[in-house]
Structure formats: C-alpha cells, structure tokens
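If you're matching them up, the sequences are chains A and B in order.
Residues are numbered in the numbering used here as their position in the first sequence, beginning at 1, plus a constant of 47.
Residues are numbered in the numbering used here as their position in the second sequence, beginning at 1, plus a constant of 22.
Notes for the one structure printed next.
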Amino acid sequence: MRNAIEVIRETDRKEVRRYLGYYGKKADAAIEEQIGFCLEEMCTAAEPGAVFRRCGLILHDDGRIRITALPEDRVQGTLMETASKSLARNLQGCCGAYLMAVTLGQGPDLVVRRAAVLSPGKMVICQAAGAAMAEAWCDEVNREIREEASRLGFACRPRFSPGYGDLPLTLQKDFETALEMKKEIGISLTDSLLMVPTKSVTAIIGLTREDTDCDIQGCNSCSSAEGCSYRRT
Amino acid sequence: MNLLDKLGKEWLFCDGGMGTILQAKGLAGGELPETWNLKRPQDILDLHCAYLEAGADIFNTNTFGANALKYPHDLEEIVRSAVRLAKEARVRTGREDAFIALDIGPTGKLLEPMGDLPFERAVELFGEVVRYGASEGADLILIETMSDGYEAKAAVLAAKENCSLPVLVTTIFDSRGKLLTGGTVDSTVAMLEGLKADALGVNCGLGPEQMLPIVKRLTETASVPVIVNPNAGLPRSENGRTVYDVGPEEFSDWMVKLAALGIQVAGGCCGTTPEHIRRTIEKVSKLPFKRPVPKKRTIVTSFSRAVEIGLKPVIIGERINPTGKKKFKEALRRKDIEYILSEGLRQEDAGAHILDVNVGLPEIDEPEMMESVVTKLQSVTDLPLQIDTSDPAAMERGMRLYNGKPMVNSVNGKRESIEAVMPLVAKYGGVLVGLALDEEGIPGTAEGRIRVAEKIYAAAEEYGIPREDIVIDGLAMTISSDTGSAATTLETLRRIRDDFGGHTILGVSNISFGLPRREIINSHFLTMAMTQGLSCAIINPGNEAMMQSYRAFLALQDMDENCMGYIEAYAGTSAPAPSGQSAPSAAPAGKTAGEGAMGLSESIERGMTGSAEAATRGALKDRDPMDIINEDLIPALDRVGQGFEKGTVFLPQLLMSAEAAKAAFEVIKESMAGTAREVKGRIILATVRGDIHDIGKNIVKVMLENYGYDIIDLGKDVAPETIVETAIREDIRLVGLSALMTTTVVSMEETIKLLREKKPDTLVVVGGAVMTQEYADAIGADCYAKDAMASVRYADSVFGA
C-alpha cells in the first residue's frame, strides 16, 4: 500500500470544491488559496489508519445477509447480519466480502474545532478538505483490498457503507467488534453510532468470481452503471 | 506481604496473554471472555495455575472488559468470581506469595468532550469494579491497555477513591511512541506520577522489539517502577488470520534487552503463554536489578504535550482573565465560551507555551465555569493549562476534569491556603505556584520572601508533593509605589535558583502599574528577570515588545538553536515607525499581505478580514459609525447573501464575507464604546440531543449575529429540557434547532413538543442535513430553513426587522 500521507496529500482539489457545493464551478482566487492552506493543515495533522479483513458471506433466500469469520480464523462466528435490501442488491452473486475501516485520526478534528472558534469560513473548507481526504484514503485502501482479492482470484464490487440506502448505522457496532476498530486504529462509537474521529469510514466490499472489478469510485463514475443490476442506490 | 514491600526493590514478573489463550480454548466471536468466570471456571483456573507455575508474581483476574456497560446485570458476580478463581489458583499451586491484580481495561467508550462518556461516569464505572474486586480480596489494581490518558486518569481516581490497594497502570503506545489520543511517554508519565500511580509502564500493541525505544524513554522519565508487558511480536495476518509469532526463546531474549534498560516489572500480553513468561523469568531474574531513580523534572502536560519548566523560560499567556477586561467579564456573564476559547487560541498562535485560566467573577458559578472552560479549551488546544483561582472548589473541579498534569495557581504561605490547596495537588497532581507571602503579608525583603518559600517547600513535602512540583512566585510589585521593589523581586528569583535549585514565576506586567508606556518597563524587566533565573513569565504573548525581549533573550543566552526562533519571527520584517502608538497587534505576518487598500464594501464582499478592519478604521475618521453600518456594511453583506441565494456565491465565500463584516463591526463597536448596536432580537440556537454535529448551527450563528441578532448558543447534544428552560427564563421568541442525522430528528420533535407545551408563544425554525420541508412539517416546526440565509430571512420576518 502506498504511504497514507502521500495519498492524502494528492487529494483532488476538485473533490474539495465539490463538497463545498461548487459542482465543477471555479472558486475565486482567495478561496482557492484557502483551500490550499486548509488541505495542507489537515494533511499535517492527519494520522491515517486502516484495517480490513476478509470474511465469509451467506446470502439467505429470505434476503438476510450474514457476514462470518473465515474457517481459518482464530475466533469463529457471525460478524454481522442484516436484511438491508440495498446491500443485498450490491452483494448479489457475491461469495465473500471484506470489511474495512479507515480514519484520518484525531488531528484533523482538532484543526476543524479550532477553525470553528476562529473562522467559520475556514472551518467549512477544512471540513470539505477532510471529507475529500478521507475518500482518497478510502480509495487507496480499497485498491489494496482489490489487489489482495485478485491474488486470491476474486473481483470486487464497489464499497458499501452503513448509511447508504437502507443499510442501518447500527452495523457500526459490528464493524467495531469485527475489526477491533478502537484498538487497531482508534475509532470509537458514540451512543448515537457516530464515529470519532469524525473523518472515518467503514465499508463492506463484496467479492465475486467474475472477471472484472467494478469501478472503484462507485457507480456514479462507472460507464456501465446504466442498467447494471448491482447498482448502488 | 504487601506488594509495595517488593515493588521497585526486586524483580517482579507479571503473567502473559489471557484473551488469546481463551480464544484458543474456544471463546467464540462476540462472546465476552469474562462470562467464562461463571460458565467455564475450570479453564480460567487452569490458566491462572499455568502462569503461577511458570513463576509469575503478579497475575490478572479475568476482568479486563468487566464494567457495567458490558455487564449491566451481573457485574458483581463476574468480578467476585474472577477474584475467587485467582485465590483458588494461588492455593492450588502453593503460590501464596503471588499477588492478585484486579485487571481493569478500557470501557470501550470515548470520553467527553471528543466522545460521549462523561468523565465522572467513567470514574463511577471503574469504581464499581474496584469495590467488588478489592472487597473480594485482590492485592492490587492493574489498569492496563489504556490508549487514552484521560480514561487512565479516571480509572486511577476510581481506584484511589474506592480502595487503598497499590495502583499500577500500563498504557498502549504505538510505534511512534504515542497513545491513540496523542499522549507521549513524557506526558503520560508526568500525569500518572502526579496521580500517584505506584508503578507505570507499557503493554500490548507492540512486540518487545518495537517497544525498545518506548521503554528506553520510560526508564529515562519515570521516577516510579516501570512495567513492560509486550505482545508476542506484532500481529501478522497469515491467510487472513492474526498470528503472533515471537516464540518464548526469542521473546525472553528481547525481554533481557528491555530489562537491561532499567525496568522493574516484566511480563507479557497478547500471544504470550506461560512458556514465554517462564523463559523470561529464568533469564531476567539473573540480571542485576536497578531501583528506579527520581528524575526531579518539573513537567506540566496537556493530553498530548509535555512542557518542561527549568530548561528555558516558558511563556504563560495571561489573557484568559477578567481582571480589568470589560469584554471578558461580559463574556463570562453570558457564558460566551467561544470568546474565551478565541482568546486562548490567539495566545497560542502568538507563542504561548501554557495558558493561564482565570474565570473568577463574583456573580457567576466559578466551579461550573472552570469546568466548562477547561474542558472546552482542551478540545481546541493542546497547550497545557494553568488553573488560576482562589476558590478551592473551582480549583478542584478544574484539576479533576483536566486531561493531563496542570499548573495550579496558587498557594501561599498561609496555613489556611496550604490546607486548602495542597491536598488537591497531592491527589490530582500538578505543578503548584507558591506565592511568597503569608499571614504577615508580602515580605518587603528578598530574605523574607525566601523564608516563605522555604515554608511552602516544607509544607509540600509533608503533603507528599515533590519539591520540583513547586514554582515560587517572587511577586512583581509596581515600582511606582516602591522604587526598590524590582530589586527585591529579582533578588528573590536569584536566590530560589541559586540556593534551592528551584523554579520561579512572575506576573511580569505588575511591575509597571501606574506608569506611562508600561511596556517599556515591562519588557526590560522581563529580560532582567530571566537573567536572574525566571522560569515562567506570565505575560500577554500578543504584546510584541514582550515577545521581542523574550526572543532576544533566548538568542543571546544560546537557548535558540542557530537563532532559528528569532529569525523565523523577524526575518523580512521591519521595525515599526517610532511613534506614540503601541506596537501593532501580533497578527501573523503575511496574513493581510496582498489585500492592499480596498474599500469596506469590496473587502466584505471578497471576505478580506484585514482590509475590512483597516477600511473601517479609515472610514471612522470622517464618517458616522451608523452610516458606515447602514451604507456600506449591511448592503455589502446583503449582496453576498443574495448571491448565495441565487447560487452565484458559495458557502465559503458567504462565511468569509460574514467574518470580514464581523471584524468591521468589532472595530465600529470599539469606537462607539458604550453605545451598543441595536439588537434586533434574541434567538436560541442548539443542536438537539444525541447529535454532536454543530457545524451547521455555527454557520447560522455567525450569519444571525452579523444581521444584528443576539444569540444564546446552547451548543450541541442539548436536552429538550435545557432548551425549554432557557426559552422560558430568557423569554425567547425564536428557537433554531439543528439535526444532522435522521436518528436525532426524533429529539428535535421532542424538543418542539415540550416547547409547545411549556412555552407556546415561541417559534421554532429547524435545519440540518437531513431536514426537509416535509420533515419540518411532520414534526411541527414553524419554519424549515434550507440554509443560513434562509434562517436570517425568517428571523427578520419574526422580529419585523
């Protein structure tokens, strides 16, 4: 895997602007300059972490989805179970899955909280920069998973996170246990199932025996998304 | 036999992995290991026996994850049975000499303010386990695998408050030598020693090899015995399964290397087995034992940073203090924490190393305010804080909730003061400022002040506070009433340094009270004081003259490597023109560069704070303040707002403009001193219960403030009752509620319901990422605001502005 800091340093400014609502439009020079400062400050503060594991997957006829430990794992059992229809669609035809969690660490949250005190304008730009950085880091970890999967003869579906479609946030608790998120990379959950640090992402990646991976950026960037039956809603 | 008779005096060995072995015995995923105390006691017993037979002196009860969050119903039975099993193992193996450690691991929750577990709740959770374990017969408390120093602090306090057993603490450092929450070895050691842990160290996370640099630093900084319990190497993924593959032979060889660094207690963690421990004991117990050596360093810390006093003078920012500051007093009365936080951050940017926190005002609840300011400051700055108060209750609250080892201001030579303050410092840890005055008043001679200092040192010793944790305030008194007073103060500093090897502190600017151009005297006095050994200067780091003295002193005293600090501060700058004006504010150079001379309207539209301020100052010379507001400021803000509504201006631009307008308002307000700007109305803003997102709310706040509204900001995760009570007490006509998640829209609905019931004439505007007009209608809100401008428009319609 590439160095995490290098990855987030290459975060696309276009993505930052997108999170700020510019949707392809140019920001003026002063804002562009601020975006540069904020990206730099957020990158310097970041301590990215990632954890993932390959799991078994059982798709029941009644629509329930069960993700389990692999037979060779030290601890056996079910890791998570859900009846989410959106996830079922994403995982249709899959024979395994990866669970992943990534975070930018606590540093960026501190930068955002400081900005909130001194400058709300800077705060929203830092937020957007953080979101774009987290996505960039997710993509990189996802690529690493694809490589490992392809060595094992699998192709990957686009990643799917709690909160997409009808996949409930309650699954975060299962991610927490299955990946030992707190111990491994310092992600904690609040009672309302929010992750701290806030710039953190969890996702499920389906494995198939098909020939090709789906587009890593997800369905919105995929040229074959039109009419694709696995399409993420 | 008491553990303390042996700890630090001879080799002691801990047991090894428990969870990994239980997993090998068939513990299922999601199954809580502690349930085996009741379900499979024989397996637990066998495991204890194996470690005792291997020679472990200290062995852990199977209670790592036992707390009321995970065992709401049968915690007591789980903990008591764990201790009973340990006692039985001791009998079975004939190892009556071994010590039973009540094992305490993290709660799994993150503490406030980053997470949602209140500090006192954590203390309660740990306290409950301690009470059961101690009364069942544990010999010591072992707090381990702590990745958050704050949670470790809660656990130590719980142990100390609920039993009198020895308390040992090990934390989990990563390969960079940091806790997950950013703490370093130095900061962690200082905090835990301040809390009077009997031994401390490191466990889990890494193998013995990777722990080497961390253990080295531990032995260099700790004055109490050091414990080292590594994993059997780094966990490695093999075909998707986690393995630890450092065997007993290799492990014990590494432990010999670690032991040679001067540790006192050795054992193992994940992946280690009785065999790892047996081989370690065989090899390490043959090595010469080194007792821990007191390091005598003076250290204050935040959650992540340690500042050592005595190496070179440190700057303590004095601005968080209401004395003589009208605006600050007003902020305290209004509970405007944001303002206080911004004072802190500005001082940090200007170069402060520690921030003094004084929030004393007769008419406010000082303990509550101290708690609130300390906790919130610690969520935005990693500078250590100095808790500055004469109210012992506020002092205790601040010290208890503080994340780290604080500086404490102050005690003096009076018996009453010593008896109120020193027990707190003895309990919570801290570097204590001792004022050189007592019942007889302020001694007029250095000799007299030294006598008081000696009294304070002696009292500290009685209370078990190490001498290095005392910093003497030599008392700067104005030379305008006694021209000999500076000489007395300087002599006091010199003697504390030379005769006692002690450290000193001064509120520097008191020296010039009553004189004109005070900073001339202050900055020279600062230099003189540092030359006489001043360790801590309480000053305003935003005052450039003071910082010039400080930086010049460091450069001249060879305390600024290659003069880099000096060069960084002053390269490319030029001296301000000599005039009657004081030095310009300490805004970082370059921040306003390139903005040029721009009109006020344009400055606001382009979001240029610096030039908006300058333009306002210029305009004030020949125009009426109200005209500037009505003709330039508001119209510019409106243009940006309309642009935002049309989609030609984006959120960052809108906010930058709002900030520039706010800065311009501030300048105008100063010039109008007394004649307050007309307030259009008062509005409560809050993010509802369960939701910790406050970005949207903060944006709305800035916009509303700019449009002349007085905002009561209740913060995030606010209970419906709090909102309703405030609305009633302050007779509020409009409440703005924010929710980011679908799950918390329920709280929003609850809040509205309660408001309708208790204060029906109050209107409610709602917003937030998940909010829609339909949602807003469904929960009975009066208005759905899709963005900040919509909130402003609605407020204007409500207040008829």
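The beta-carbon is built from N, C-alpha and C at its ideal position, and this holds for glycine as well.
It should be emphasised that the depicted structure is a prediction, and the values quoted were computed from it without experimental measurement.
Here residue 416 of chain B has 388, 389, 392 as same chain residues with Cβ atoms under 6 Å from its own Cβ, once five neighbours each way along the sequence are excluded. Distance between residue 42 of chain B and residue 292 of chain B, taken at the CA atoms: about 6 Å.
Chain A has no Cβ within less than 7 Å of the Cβ of residue 232 of chain B. Annotated as proximal: residue 246 of chain A and residue 181 of chain A, with beta-carbon spacing under 7 Å.
Beta-bridge annotation (DSSP): residue 104 of chain A is paired with A/114.
Residue 87 of chain B is not a Cβ neighbour of residue 237 of chain A, given a cutoff of 7 Å. Only residues of its own chain outside the window of five on either side were considered, and among them 709, 718, 719, 789, 790 have a CB closer than 6 Å to the CB of residue 760 of chain B, listed in chain order. Against chain B, a Cβ distance below 8 Å from residue 116 of chain A picks out 51.
Three or more Cβ pairs drawn from the region 169-179 of chain A and the region 81-91 of chain A lie within less than 8 Å of each other, which places the two stretches in contact.
With a threshold of 7 Å between beta carbons, residue 237 of chain A makes contact with chain B. For residue 767 of chain B, the CB contacts under 7 Å within the same chain, skipping 5 residues up- and downstream, are 761, 792, 797, 801 in chain order. Taking 7 Å as the upper bound on Cβ-Cβ separation, chain A lies near residues 401, 402 of the region 399-416 of chain B. Residue 261 of chain A has no beta-bridge partner at all, per DSSP. Counting C-beta pairs closer than 8 Å gives three or more between the region 767-782 of chain B and the region 735-748 of chain B, which meets the contact rule. Contact of residue 174 of chain A with chain B by beta-carbon distance below 9 Å involves 717. Residue 58 of chain A and residue 183 of chain A have their C-alpha atoms roughly 6 Å apart. Within the region 332-361 of chain B, the complete beta strand (DSSP E) segments of 3 residues or longer fall at 336-339, listed in chain order.
A straight-line Cα-Cα distance of about 6 Å links residue 627 of chain B and residue 658 of chain B. Where residue 766 of chain B is concerned, the enclosing alpha helix (DSSP H) starts and stops at 764-780. Around the beta carbon of residue 207 of chain A, 16 or more other beta carbons sit within 10 angstroms, so the residue counts as buried.
Listed along chain B, no residue sits closer than 8 Å to residue 211 of chain A by beta-carbon distance, the nearest being about 13 Å off. Taking 7 Å as the cut-off, the Cβ atoms of residue 223 of chain B and residue 246 of chain B do not count as close.
Considering only B/812, B/811, B/805, B/753, the residue with the shortest C-alpha distance to residue 783 of chain B is B/753.
Going by DSSP, residue 515 of chain B is part of the alpha helix (DSSP H) stretching over 507-522.
The alpha-carbon of residue 506 of chain B is positioned some 25 Å away from that of residue 562 of chain B. At a cut-off of 7 Å between beta carbons, residue 171 of chain A contacts chain B. Comparing alpha carbon positions, the residue from B/533, B/517, B/538 closest to residue 554 of chain B is B/517. A buried status is given to residue 368 of chain B, since no fewer than 16 other beta-carbon atoms sit within 10 Å of its beta-carbon. Linking residue 50 of chain B to residue 84 of chain B through their CA atoms gives a straight-line distance of about 16 Å. Apart from sequence neighbours up to five positions away, the residues of its chain that approach residue 533 of chain B with a beta-carbon distance below 8 Å are 498, 499, 500, 501, 507, 508, 511, 543, 544, 547, ordered along the chain.
Interface flag for residue 116 of chain B against chain A is unset, since no Cβ pair is found closer than 7 Å. Residues are counted here when their Cβ sits less than 8 Å from a Cβ of chain B; for the region 186-206 of chain A the count is zero. No Cβ of chain B is located within less than 7 Å of the beta carbon of residue 104 of chain A. The three-state reading of DSSP puts residue 57 of chain A in coil, since its state is none of H, G, I, E or B. In this structure, the straight-line span from the alpha carbon of residue 262 of chain A to that of residue 186 of chain A is close to 11 Å. Contact between the region 393-404 of chain B and the region 152-169 of chain A is established, with three or more Cβ pairs separated by less than 8 Å.
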